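Structure first, then comments.
Residue numbers (this note's numbering): 827 to 984.
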């Protein structure tokens, strides 16, 4: 008979329990606006395939997570998980959670991340959005540097 203290083998060997977080870790919550409804705040923060939020994490040396109701891609999954341990944030309004990547980087990095995120959550068409669209076209292989909407042919309907 095998000892029960031996680690389990196979795919399910790892526990799915989350690692406990340090209760002394500082956290900043930045609320995500709900108006205007047609503006995609989460997409603006994530960027093409998550590249914008990863870049922001590298620059600020902070961990940045989108939490709260509406933070999961699939609403059915959100409904399924909302009463499970580790998903308590789904009962809160949509927000960005900023924590230091390690305990050495501190409040200054978190404040810098908060400032950048608050600026990104302003609903307007700007250079940041244009840069994200160029990144996406580069990823997809559809980038045409010589193409401009201003130079597109205009068709007349008579």
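Virtual Cβ for every residue (Gly too), placed ideally from N, Cα, C. Note that the structure is predicted; figures quoted are calculated from it, not measured.
Grouping DSSP H, G and I as helix and E and B as strand, with all else coil, what is residue i?
i, result
"residue 889", "strand"
"residue 948", "coil"
"residue 858", "coil"
"residue 866", "coil"
"residue 900", "coil"
"residue 1055", "Shown here, the chain extends from 827 to 984; a query on residue 1055 therefore has no answer."
"residue 972", "coil"
"residue 906", "helix"
"residue 913", "coil"
Using the rule of at least 16 other Cβ atoms within 10 Å of the residue's Cβ for burial, across every protein chain shown, is residue i buried or exposed?
i, result
"residue 879", "buried"
"residue 924", "buried"
"residue 934", "exposed"
"residue 939", "buried"
"residue 897", "buried"
"residue 964", "exposed"
"residue 919", "exposed"
Considering only their Cβ atoms, is the gap separating residue j from residue i smaller than 7 angstroms?
i, j, result
"residue 865", "residue 927", "no"
"residue 893", "residue 921", "yes"
"residue 873", "residue 956", "no"
"residue 943", "residue 885", "no"
"residue 854", "residue 867", "no"
"residue 881", "residue 890", "no"
Where DSSP assigns a beta bridge to residue i, which residues make up the other side?
i, result
"residue 960", "For residue 960, which the question treats as bridged, DSSP gives no partner whatsoever."
"residue 921", "857, 893"
"residue 926", "888"
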